[in-house]
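Below: the structure, in C-alpha cells.
Shown next as C-alpha cells:
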C-alpha cells in the first residue's frame, strides 16, 4: 500500500480521472448556489444537481472534483460528534467522480476498484463491499466481473444503501466500499450486529442516480442514468498514512500542534484540541465564502461553531483570544489547494478575532455560573431554568451547556428549558429552514437563446406554455402563465439584475411579461398574463422588452461595477460583493467590510465613480475561458454560477468583472451617481444604495427642494442654512438647561409641601402620592429631597400621562435592611399593569392602567407596616 500525504492523494485522485476523460472541476462555494433546500454544500454532487435533473447542460458529460463540504446544520449535522469520534468533522473534503449519462454502474465500480487496488495499492483483502439489497445488477458486477470474494460482501437495505441528498432531488441505490482496519480493533462488518464498531470504516460511496424524488415522495426516472461518488479525503488519507483516527493525518497535525502551543500542552490527543482543529477549518472556509457570524440562518451556525471552539479553548485553560491565530497554519496547510483561503486570510482573521472578543466576557460569566450551579447540585441533571438563565440573560449557548454536561457526566433538563424557550426555539427553527417549491419546476428539455445583448425586440417561436406549473396547448384571454421561447431578448434575473418586463404579441394576442426567470442552464421563463387573444404552442411572436426599464436598469448595473471597484480602492482589497439588486429605480450593493463607511469615505467613493462616468470609457464584453479571465484579473460576483466559458465585462481599465448582465455602451451613459444610504445588514456586511441617471437627478432635486423649505422656515439663504440651524440648536440647548433649573426649583418647592402629607408608620415617614404637571424626569430629584427632609422614610411618587404611569420609590439608608425600594415600587406597579426594579434605595417602574393607581397608593402604608413586622 502506498504512503501518501493528503495533498498527494488529492492530486492522484484527480489525475486518475483526468486520464480517463473526466473534466476536473474546482470546488464550489460552501453556500449552495442552486439549491435553497440546503444550508451548506454537504456533498460533491451539489454543484451538479441541475445537471442530474436535466435542467443544466455542460460541455462535458463526466467530471471529478475535490469538494469542500460542511455538515453542521439541518439533516446532515455532525457537530455534536466532533472531537469525540475518530472520523466526524464539521468540515471535510469529498473526492468524487461523476457521470452525466455517460457511464453507469459497471464503469463506476471498475474505476473505484482500480483506483484503490492499483493506483493506491490497497490489498483487496482489506476491502469490504456492500450493495443495495434490490440491486442485483451491481451485485453481479462486483462478484462476477470484479471478482470480489463473497466472504467480504453484504447486501444492505434502503436505510443505508439508497442515497438521497435531502427530502427532494436526485437519488438512487448505492454501493459502498469499506476498509478493514484489522482484528485488533473492535467491530464487525457492515450489516452485522456489531457493525457500529471502528474496525470496518466506509471510505467510498458510489451512488447510481436513477430517480428524482419529489416533495410527495414519488420517484421519477432521471433523463439519463448517472453516477455520483463520494470518498472522504481524510478517511482514505488515514488508511494510506497507517493511522486509525483522521486527526492523526498530516492535514490536522500542524493545526493540533499550533492549538496545543496556545494551550500550553503537548498532549495532542485531547478532545478539545481536536474540536478546535476541526472548527477552525469550517469557520475559516465558511467566512472565506461570505458567511458572517450572525443570529440567524447560516450565520447562526458559524457563530455556534466559533463559540464552541472558544469554549473548548477555555476548557484547556486559554483565557486570551486565540482562535483567529490558527488561520495562518490552516492557510499554510491548505492554501495551495484552495487559494481562495489564502486570499481571504486577513479578512477571516479579523472576523474571528472580533467575534471572539465579543464572546469572551459572556463565556467567562457563563462558565462561572454553570460551575457554581453544578457545585450546588445534588443530582446529575442541570436544571432547565439554569440553562434558560444562561441563554436568556447571559447569551450562553445551550449547546455549550450540553457540551459541559457531557464532559462532566451530567445531563441537561431539556424539557424544562424547552418550556421556557418554546417561542425562541420556534424562531430559530424557522430561521434555519430552507425550502423550495419543486411543484413549479418546468419539465422541458429545451434551451432558450438569449439575443438581448444586441436588441430589445425579436421574432421568436413559442416552444412551451404553462399554467399553474402544468403544460398547456394554449393560454386564453385573462389567464396567467409562463411562456417559453426558442430565443428571447428578455434578460432573465441573474447576478442581481432583475428580469426584464415587456410584451409578447402574436395575431392580436398580447401577453404582458411581468418577470423573466431562468431555470437550469438556459431555459428562460417569461411570467405574466395574457391581456387579449389566444397564444398557442409553435406560434410566431414578436417579443419586445420595455426599453425604458431595461435602459434604467443598465445604468444601475454598470454603476454597480464602478462602485465595487471604487470601494476596493478606498476601503481595501478585502471588499467583496456579498449580494446585489439592480432594478430600474436604484442599485443595492452588499459587500464585506467590518465597520460603517464614514461620510468622508462615501464622498470619496462618489467622487471616483463620477470621475469614471465623466471619463466616458467604453464598456466592452468578451467571452473567454474562465481560467484566462481570472488570470486577467476579472472578479467573480457573489452568488453567480459560471461555466467553463465566461463573459468578461470591462469598463475602461478601471473595472474588470465576470458578468452576464446587460450594460451601457459607455460609462458616460450613466450620467451621474449618488449614494443615498449606507447601513449594516449583517456582521461584517455593509449595504450601499445608490441612484443613477434620471433617478439621480430627481433625488438631488428632491434634496434641493427640502433644503429650500428648511431655509424658508429658518429665514436663511440655502447656503447659510447649516449655520442658522446650528444657532437654533444651541439656543434650544440653553433653553432646555434653563427649564431643567426651573423644574428643580419647582421640585424643591413641591417637596416642602409634600412632606406635610407623609404619615407615620412604625416610626418612619411613609409618603405615596400622585403628582400633576410634573415632568417624570424630575421625580428622582424630588425623592432625594424628600428623603433628606423626612429623615427616616419610604416614598412612592407617581405621574400619569394619558394611559402611561411613571413610578419611583425611595427608601432612606437606615431602613434599607427592612424595606427594599424595588419591592415597594413593584407592589404599586403590579396594580397598574406594570413592573420595574432598581437599587435598594431607589427604584423605578411603569404601568399602563392608571385606573388602579389611587387604590395602590392608598395601600402603601399598610404594605410598609407589613414589611416592618416581618
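Residue numbers (full-length UniProt numbering): 1 to 870.
All C-beta atoms, glycine included, are put in the ideal place defined by N, C-alpha and C.
Name the residue from the options whose alpha carbon lies nearest to the alpha carbon of residue i.
i, options, result
"residue 227", "61, 531 and 159", "61"
"residue 568", "539, 546, 601 and 545", "601"
"residue 609", "380, 631, 556 and 801", "556"
"residue 697", "496, 586, 659 and 566", "586"
"residue 461", "483, 452 and 472", "483"
"residue 52", "212, 141, 158 and 108", "212"
"residue 23", "98, 8, 783 and 10", "98"
"residue 810", "239, 864 and 834", "864"
"residue 449", "420, 443, 464 and 487", "487"
"residue 504", "741, 513, 734 and 184", "513"
"residue 307", "363, 298 and 270", "363"
"residue 520", "446, 319 and 529", "446"
"residue 754", "739, 782 and 732", "782"
"residue 296", "681, 327 and 45", "681"
"residue 582", "526, 497 and 522", "497"
"residue 334", "67, 651, 659 and 803", "67"
Can you tell me whether residue i is helix, strand or coil according to DSSP?
i, result
"residue 531", "strand"
"residue 782", "helix"
"residue 805", "strand"
"residue 234", "helix"
"residue 38", "coil"
"residue 389", "helix"
"residue 757", "coil"
"residue 15", "helix"
"residue 425", "Low local confidence applies: a pLDDT of 47 at residue 425 is under 50, so the model's placement there is unreliable, with the coordinate-based value given in what follows. Looking at residue 425 - three-state DSSP - the assignment turns out to be helix."
"residue 156", "strand"
"residue 473", "coil"
"residue 205", "strand"
"residue 596", "coil"
"residue 506", "strand"
"residue 541", "strand"
"residue 851", "helix"
"residue 179", "strand"
"residue 171", "strand"
Confirm, please, whether the CB-CB distance from residue j to residue i is below 7 Å.
i, j, result
"residue 90", "residue 245", "no"
"residue 875", "residue 829", "Since the first residue shown for the chain is 1 and the last is 870, residue 875 is missing from the structure and cannot be characterised."
"residue 180", "residue 126", "yes"
"residue 65", "residue 25", "yes"
"residue 95", "residue 153", "no"
"residue 82", "residue 40", "no"
"residue 619", "residue 634", "no"
"residue 807", "residue 825", "yes"
Identify the continuous alpha helix (DSSP H) that holds residue i and give its terminal residues.
i, result
"residue 142", "Where residue 142 is concerned, there is no enclosing alpha helix (DSSP H), given that its DSSP letter is neither H nor E."
"residue 111", "105-114"
"residue 257", "250-263"
"residue 570", "547-571"
"residue 867", "860-868"
"residue 767", "Segment 764-771 is the beta strand (DSSP E) holding residue 767; no alpha helix (DSSP H) there."
"residue 693", "693-713"
"residue 448", "Taken as a continuous stretch (DSSP letters only), residue 448 belongs to no alpha helix (DSSP H), as it is neither H nor E."
"residue 647", "First-last for residue 647: 645-651, but that is the beta strand (DSSP E), not the alpha helix (DSSP H)."
"residue 401", "398-407"
What is the residue span of the beta strand (DSSP E) that residue i lies within?
i, result
"residue 680", "673-682"
"residue 464", "457-467"
"residue 480", "480-485"
"residue 512", "509-519"
"residue 612", "Premise fails: residue 612 lies in the alpha helix (DSSP H), 599-615, not in any beta strand (DSSP E)."
"residue 836", "835-838"
"residue 69", "62-70"
"residue 97", "91-99"
"residue 655", "655-658"
Open item on the list: So, does the stretch 348-359 touch the stretch 377-390, judging by three or more C-beta pairs under 8 Å?
Closed with: In short, these stretches do not touch, since the Cβ pair count stays below three.
TODO: Examine the Cβ distances between the stretch 795-814 and the stretch 763-778 and report whether three or more of them are shorter than 8 Å.
DONE: The stretch 795-814 is in contact with the stretch 763-778.
Task: Three or more C-beta pairs below 8 Å linking the stretch 342-349 and the stretch 360-376 - done: The answer is no - the stretch 360-376 does not touch the stretch 342-349, with fewer than three Cβ pairs under 8 Å.
- [ ] Taking 8 Å as the threshold, find out whether the stretch 154-174 comes into contact with the stretch 126-138 through three or more Cβ pairs.
- [x] Yes, they touch.
TODO: Report yes or no: do the stretch 618-626 and the stretch 581-598 share at least 3 C-beta pairs separated by less than 8 Å?
DONE: Contact fails: fewer than three Cβ-Cβ distances are below 8 Å.
Task: Contact between the stretch 497-511 and the stretch 531-545 (3+ Cβ pairs under 8 Å) - done: Judged by Cβ distances under 8 Å, the stretch 497-511 makes contact with the stretch 531-545, as three or more pairs qualify.
TODO: Check whether the stretch 400-417 touches the stretch 316-324, counting contact only when three or more Cβ pairs, one atom from each stretch, lie closer than 8 Å.
DONE: The stretch 400-417 makes no contact with the stretch 316-324: fewer than 3 CB pairs, one atom from each, lie closer than 8 Å.
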